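*Asks:* After the structure tokens below, expect a handful of questions from me.
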Amino acid sequence: MIIYGMRASLQKTEPLADNCPNCNTSGSVQMNVFQRYAHIFWIPVFPIGKTGVSQCTSCQQILKQKEMPASIKLGYENLKTHTKIPVWTFSGLLIIALAIAGFAIADKQKASKVSKMLTSLHKDDVLEVKVKDDQYTLFKVDHVTGNLVYVAFNKFQTNMESSIDDLKDKEFDNSVIKEFPVSQLISNKDFEVIDIDRK
Numbered sequence: 025m026i027i028y029g030m031r032a033s034l035q036k037t038e039p040l041a042d043n044c045p046n047c048n049t050s051g052s053v054q055m056n057v058f059q060r061y062a063h064i065f066w067i068p069v070f071p072i073g074k075t076g077v078s079q080c081t082s083c084q085q086i087l088k089q090k091e092m093p094a095s096i097k098l099g100y101e102n103l104k105t106h107t108k109i110p111v112w113t114f115s116g117l118l119i120i121a122l123a124i125a126g127f128a129i130a131d132k133q134k135a136s137k138v139s140k141m142l143t144s145l146h147k148d149d150v151l152e153v154k155v156k157d158d159q160y161t162l163f164k165v166d167h168v169t170g171n172l173v174y175v176a177f178n179k180f181q182t183n184m185e186s187s188i189d190d191l192k193d194k195e196f197d198n199s200v201i202k203e204f205p206v207s208q209l210i211s212n213k214d215f216e217v218i219d220i221d222r223k
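For the working numbering, add 24 to where a residue sits in the sequence shown, where the first one is 1.
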């Protein structure tokens, strides 16, 4: 279950010179400015505006922004303008950006590893392959002769890349061995080698 929503954090509190509209005490009004932000699992993702309330330190009356008299609302708007958006309210976006960058770096490293290994395949190497229609399967190297690689196909496919490891326990069809030049494994319109498992 994803827990998400909106929260507010007190950013600035300042006294105003105004009289309280309820008890008329002079200089008793205190203005509080809150930063609202969206969160996922209580991690701030991005700010979504400021809000404020006034409170009388004498009679304790609390007024929301729409309930404030014009003079107190003016003090609120002034204080809100001078209250900066805290950097920490963007921390969720930073985490997301770092995760995306991490995945991109990992994908680039994996592609580089696959590219190097395809030119020096060994017997029993298992190639993780993406075929047409977003299906995934495995090729197992039977033997290599010069520039030719001979592979057996796994008898099963999956429609999720995350499930491809489950196919490693499934049977390969060793009765049909297919021959590929290395160049066809590197660049093929019918499939793409996405990873190689070498024991």
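For glycine and all other residues, C-beta sits at the position ideal for the given N, C-alpha and C. These figures come from a predicted structure and were not determined experimentally.
When the Cα of Gly170 is compared with those of Ala135, Gln181 and Ser207, which residue comes out closest?
*Replies:* Among Ala135, Gln181 and Ser207, the Cα nearest to that of Gly170 belongs to Ser207.
*Asks:* Please classify Ile220: is it buried, with 16 or more other beta-carbons within 10 angstroms of its beta-carbon, or exposed?
*Replies:* It counts as buried.
*Asks:* Suppose contacts are defined by Cβ-Cβ distances below 7 Å. Is Thr81 in contact with Lys36 by that definition?
*Replies:* Not in contact: Thr81 and Lys36 (Cβ atoms no closer than 7 Å).
*Asks:* Quick one: does the C-beta of Ile67 sit closer than 6 Å to a heavy atom of the ligand COA?
*Replies:* In terms of ligand content, the structure shown is empty, and the ligand COA therefore cannot be addressed.
*Asks:* Please classify Phe78 as buried or exposed, where buried requires at least 16 neighbouring CB atoms within 10 angstroms.
*Replies:* Correcting the residue type first, residue 78 is Ser in the shown sequence and not Phe. Per the 10 Å Cβ criterion, buried.
*Asks:* Is the stretch 173-185 touching the stretch 196-205 in the sense that three or more CB pairs, one from each, lie closer than 8 Å?
*Replies:* With a cut-off of 8 Å, the stretch 173-185 and the stretch 196-205 count as touching, because enough Cβ pairs lie within range.
*Asks:* DSSP state of Met141, grouped into three classes?
*Replies:* Of the three classes helix, strand and coil, the one that applies to Met141 here is helix, per DSSP.
*Asks:* Please list, in chain order, all residues of the same chain as Leu117 whose beta carbon is under 7 Å from its beta carbon, the five residues on each side excluded.
*Replies:* Once the five neighbours on either side are set aside, the close Cβ partners of Leu117 are Val69 and Phe70.
*Asks:* Under the DSSP definition of a beta bridge, which residues are partnered with Gln59?
*Replies:* Per DSSP, Ser33 and Lys74.
*Asks:* By Cβ distance, which residues of its chain are closer than 8 Å to Lys192, with the 5 residues on each side in sequence left out?
*Replies:* If we look at Lys192 and ignore the five residues flanking it on each side, its Cβ neighbours are Val150, Leu162 and Asp221.
*Asks:* Helix, strand or coil for Phe163, going by three-state DSSP, please let me know.
*Replies:* Note: Phe163 maps to strand in three-state DSSP.
*Asks:* Nearest to Lys88 by alpha carbon, out of Ser115, Ile124, Gln54 and Val111?
*Replies:* Of Ser115, Ile124, Gln54 and Val111, the residue nearest in Cα terms is Gln54.
*Asks:* Taking the beta carbon of Cys44 as the centre, do at least 16 other beta carbons fall within 10 Å, making it buried, or is it exposed?
*Replies:* Buried, because 16 or more other Cβ atoms sit within 10 Å of the Cβ of Cys44.
*Asks:* Rounded to a whole number of angstroms, what is the C-alpha to C-alpha distance between Asp157 and Ser211?
*Replies:* Each residue's alpha carbon lies about 17 Å from the other.
*Asks:* Among the candidates Gly76, Ser33, Gly51 and Cys47, whose CA atom is the shortest distance from the CA of Ala41?
*Replies:* The option with the nearest alpha carbon to Ala41 is Gly51.
*Asks:* Can you tell which of Ile218, Ser187 and Tyr61 has its C-alpha closest to the C-alpha of Lys132?
*Replies:* The shortest Cα separation from Lys132 among Ile218, Ser187 and Tyr61 belongs to Ile218.
*Asks:* Between Asn48 and Ala123, what straight-line distance do the alpha-carbon atoms span, to the nearest angstrom?
*Replies:* Asn48 and Ala123: Cα-Cα distance of roughly 54 Å.
*Asks:* For Leu145, which residues in the same chain have their Cβ closer than 6 Å to its Cβ, ignoring the five residues on either side in sequence?
*Replies:* Result list for Leu145: Val165, Val168 and Val173, in chain order.
*Asks:* Using only alpha-carbon positions, find the residue among Ala128, His63 and Ile109 that is nearest to Gly29.
*Replies:* It is His63 whose Cα lies nearest to the Cα of Gly29.
*Asks:* Which value, in whole angstroms, describes the spacing of the CA atoms of Tyr100 and Arg31?
*Replies:* Approximately 20 Å between the Cα atoms of the pair.
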